[in-house]
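The numbering used here puts the first residue of the sequence shown at 55, with every later residue one more than the last.
Working notes for the structure below.
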Amino acid sequence: MDIDVRAVGKLRESARAQAAFGPLVQALCRSGADLARLRVVCDWIQYRNNFRDTAMVAPVLAAGLGQPPADGAAPAVDGYELAVDLRRCAQPGADVAAEVEAALAGAEASRVWLEPWAPGSASCVWRFNALYWQALADWEKATGKEYERALPGGESDARNTASARDLILGLFKVWDELAARRALPEELYVIELGVGNGGQARTWLEEFTELDRRHGRDYYRRLRYLMGDYSAHVLDRARQEVAHYGDRVSGLVLDATRLSQSVAFLAGKVFLVYISNVYDNLPTDEVASIRGRIYLVQTRGYVPVAVAGRIAARFGIRTEELAPLTERLLRIGPELLSESLPGKFADPGQAVQFWQAVWGALRQAERYVPLEGLDTYQVTPSLTGEILRPLLAAEGDVRMHVSNGALSSFADTLPLLHPFGQLVCHDLFLTGHGQYRSGFYGPGKYDGSTVNWVNGPLLQLLASRRGFGVTFSPFTRRPGSNIKTLTAQVRD
Ligand SMILES: C[S@@+](CC[C@H](N)C(=O)[O-])C[C@H]1O[C@@H](n2cnc3c(N)ncnc32)[C@H](O)[C@@H]1O
Numbered sequence: 055m056d057i058d059v060r061a062v063g064k065l066r067e068s069a070r071a072q073a074a075f076g077p078l079v080q081a082l083c084r085s086g087a088d089l090a091r092l093r094v095v096c097d098w099i100q101y102r103n104n105f106r107d108t109a110m111v112a113p114v115l116a117a118g119l120g121q122p123p124a125d126g127a128a129p130a131v132d133g134y135e136l137a138v139d140l141r142r143c144a145q146p147g148a149d150v151a152a153e154v155e156a157a158l159a160g161a162e163a164s165r166v167w168l169e170p171w172a173p174g175s176a177s178c179v180w181r182f183n184a185l186y187w188q189a190l191a192d193w194e195k196a197t198g199k200e201y202e203r204a205l206p207g208g209e210s211d212a213r214n215t216a217s218a219r220d221l222i223l224g225l226f227k228v229w230d231e232l233a234a235r236r237a238l239p240e241e242l243y244v245i246e247l248g249v250g251n252g253g254q255a256r257t258w259l260e261e262f263t264e265l266d267r268r269h270g271r272d273y274y275r276r277l278r279y280l281m282g283d284y285s286a287h288v289l290d291r292a293r294q295e296v297a298h299y300g301d302r303v304s305g306l307v308l309d310a311t312r313l314s315q316s317v318a319f320l321a322g323k324v325f326l327v328y329i330s331n332v333y334d335n336l337p338t339d340e341v342a343s344i345r346g347r348i349y350l351v352q353t354r355g356y357v358p359v360a361v362a363g364r365i366a367a368r369f370g371i372r373t374e375e376l377a378p379l380t381e382r383l384l385r386i387g388p389e390l391l392s393e394s395l396p397g398k399f400a401d402p403g404q405a406v407q408f409w410q411a412v413w414g415a416l417r418q419a420e421r422y423v424p425l426e427g428l429d430t431y432q433v434t435p436s437l438t439g440e441i442l443r444p445l446l447a448a449e450g451d452v453r454m455h456v457s458n459g460a461l462s463s464f465a466d467t468l469p470l471l472h473p474f475g476q477l478v479c480h481d482l483f484l485t486g487h488g489q490y491r492s493g494f495y496g497p498g499k500y501d502g503s504t505v506n507w508v509n510g511p512l513l514q515l516l517a518s519r520r521g522f523g524v525t526f527s528p529f530t531r532r533p534g535s536n537i538k539t540l541t542a543q544v545r546d
């Protein structure tokens with residue numbers, strides 16, 4: 055049996071976490087589990103709200119792409135992983151042995167499944183995430199607080215004026231130099247992706263107008279600030295926030311993961327692509343290397359049957375109705391759900407309560423499916439899993455994010471940049487070798503949305519293959535912040 059403790063720092067700090075190993079090993083030895091085929095992985099899941107139980111079992115499949123055999127039998131299994139959250143094991147009163155026993159017992163019947171098995175990026179978690187941004191006003195009405203309050207620090211770093219000022223002064227320098235060579239285009243494009251409540255745009259534009267006034271070159275007259283978001287509701291809210299900037303600012307409904315379909319006309323023209331807290335909100339798969347073999351992590355959303363029963367009782371529905379009603383909610387949103395089923399959800403508020411209850415209870419089962427070859431795995435429509443090879447080879451046994459959505463977005467953004475333009479992105483990036491082997495980086499739940507840290511070295515690899523350089527720097531404007539700033543520009 056292998057025991058892999060990723061939460062090494064926390065293990066050192068927490069006597070309770072250390073004490074969890076006795077009951078854990080005893081429970082395993084008491085069980086009938088085949089210990090030779092079991093690996094135990096201990097994480098410290100820092101997200102209070104997440105998709106895992108304290109302990110859960112994930113089968114490591116033997117072969118094939120996770121399709122069950124034709125006779126309907128369960129797919130062959132090579133081994134099992136017991137994933138343990140040391141944070142919850144270290145809480146006062148935690149019964150580690152009982153958690154392990156429950157996970158090993160793991161009866162299928164104890165779950166109400168919401169979807170079939172799929173790679174993480176295709177999980178219903180992302181439909182919940184999109185619904186959150188589409189129907190944000192309904193959600194906020196129910197919670198009584200703006201989404202920004204749910205972020206670490208209670209405010210988005212995108213509203214940091216000092217960091218906006220540094221960026222703008224950098225732009226002025228580039229523009230002055232180009233102007234001196236008569237090479238400055240008439241229209242000066244800036245694009246912001248994932249605009250939230252418009253606070254980022256407002257801060258940036260306020261700083262811009264003030265600095266431009268002092269600088270005296272009237273760049274503001276030539277500025278074209280485009281705000282892009284996939285939520286029409288969020289975009290409207292952001293538009294209102296910066297309405298007084300008139301036609302300097304426009305809003306576009308677009309999917310940040312498919313920019314070539316919407317803003318390709320700006321190829322080579324954009325001086326700044328400005329992104330904050332969006333990449334960590336885009337769909338991702340995870341891959342793992344286990345004893346030298348590479349696996350794709352498949353997930354399957356469910357609600358524990360006992361909780362499903364309580365939700366059903368609260369809303370006067372049958373437990374069997376939970377999955378179809380959730381599907382309907384994700385398809386049409388809370389307002390239409392209540393309009394179409396007034397007998398079950400008397401008003402949109404009731405439908406939002408149902409949404410929040412299911413989201414709160416949502417868990418993801420996991421299984422490891424062998425990848426027959428990295429080139430058979432499509433990371434994005436134009437990129438195969440081969441790009442992962444050097445990162446996986448450097449790490450040994452590891453599990454990492456593929457950051458599929460962020461990679462797609464990043465790959466489509468680079469061609470938009472003017473030769474002197476840059477992409478600046480504040481986000482939760484992993485940046486170094488070995489980090490995945492010593493920490494947990496998502497998924498977690500923030501309010502109604504999903505967060506996963508972004509695989510920085512993977513973005514760096516993609517950029518370097520396309521002639522761009524990428525640097526990461528700490529976001530020093532908020533001490534203690536986990537946010538890093540990625541800057542990408544054409545390599546000298
Ligand atoms: C966490 S908020 C960040 C808002 C703001 N940039 C900030 O830092 O405060 C994420 C934003 O990204 C948007 N978003 C998420 N996925 C997107 C996608 N695939 N395409 C476009 N926008 C997306 C959401 O609608 C939301 O406005």
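The beta carbon of each residue, even a glycine, is placed where N, CA and C say it ideally should be.
Just so you know, these numbers come straight off a predicted model, no measurement behind them.
Between residue 91 and residue 134, the C-beta gap is smaller than 8 Å, which places the two residues in contact. Excluding sequence positions up to five before and after residue 285, its CB lies within less than 6 Å of the CB of 187 and 188, all in the same chain and listed in chain order. Note on residue 387: 16 or more other CB atoms within 10 angstroms of its CB, so buried under the neighbour-count rule.
Leaving aside the five residues that flank residue 265 on each side, the residues in its chain whose CB is nearer than 6 Å to its CB run, in chain order, 222. When DSSP states are grouped into helix, strand and coil, residue 98 belongs to the coil group.
With a cutoff of 8 Å on beta-carbon distance, residue 212 and residue 331 are scored as near each other. Within the DSSP bridge table, the entry for residue 386 names no partner.
Taking a C-beta distance under 8 Å as the contact criterion, residue 261 and residue 203 do not qualify as a contact pair. In the structure shown, residue 314 adopts helical secondary structure according to DSSP, grouped into three states.
Close CB contacts of residue 94 within its chain, under the 6 Å cut and outside five residues either way in sequence, are with 57 and 136 (chain order). The three-state secondary structure of residue 397, taken from DSSP, is coil. Per the DSSP secondary-structure output, residue 527 pairs in a beta bridge with 539. Contact between residue 177 and residue 355 holds: CB atoms are separated by about 6 Å, below the 8 Å threshold. Scanning its chain for C-beta atoms nearer than 6 Å, with the 5 sequence neighbours on each side dropped, one finds around residue 460 the residues 333, 336 and 508, in chain order.
Residue 72: member of the alpha helix (DSSP H) spanning 69–73, first to last residue. In this chain, the alpha helix (DSSP H) harbouring residue 186 covers 179–188.
The beta carbon of residue 410 sits closer than 7 Å to the beta carbons of 196 from its chain, once the five residues preceding and following it are set aside; these are given in chain order. Counting of Cβ neighbours within 10 angstroms places residue 272 among the exposed residues, the total staying below 16. For residue 507, the distance from the CB to the nearest heavy atom of ligand 1 is not below 7 Å. Taking a C-beta distance under 8 Å as the contact criterion, residue 344 and residue 451 qualify as a contact pair. By the C-beta density criterion, residue 306 is exposed, having fewer than 16 other C-beta atoms within 10 angstroms.
Residue 476: member of the beta strand (DSSP E) spanning 471–481, first to last residue.
Taking C-beta atoms under 8 Å as the contact rule, residue 475 and residue 242 fail to qualify, at a distance of about 10 Å.
The secondary-structure analysis by DSSP pairs residue 135 across a beta bridge with 93 and 112.
Judged by beta-carbon spacing, residue 522 lies beyond the 8 Å limit of residue 445, meaning their Cβ atoms are not closer than that value. Leaving aside the five residues that flank residue 495 on each side, the residues in its chain whose CB is nearer than 8 Å to its CB run, in chain order, 455, 482, 484, 489, 506 and 507. Within a 10 Å sphere around the beta-carbon of residue 499 sit 16 or more other beta-carbons, which makes this residue buried. Look at residue 246 here: in three-state DSSP terms it is strand. Taking every protein chain shown into account, the CB of residue 246 has 16 or more other CB atoms within 10 angstroms, so this residue is buried. Inclusion of residue 277 and residue 283 in the CB contact set at 8 Å is not warranted, their separation being larger than that value.
Around the C-beta of residue 174, 16 or more other C-beta atoms lie within 10 Å, and the residue is accordingly described as buried. Contact fails between the segment 152–160 and the segment 370–382, because fewer than three Cβ pairs, one in each stretch, are under 8 Å apart.
Note on residue 113: 16 or more other CB atoms within 10 angstroms of its CB, so buried under the neighbour-count rule.
Per DSSP, residue 440 lies in no beta strand (DSSP E) and is assigned neither H nor E.
Note that the C-beta distance between residue 62 and residue 497 is not below 8 Å. Separation of the CB atoms of residue 140 and residue 71 is rounded to 5 Å, and the pair is thereby assigned contact status at 8 Å.
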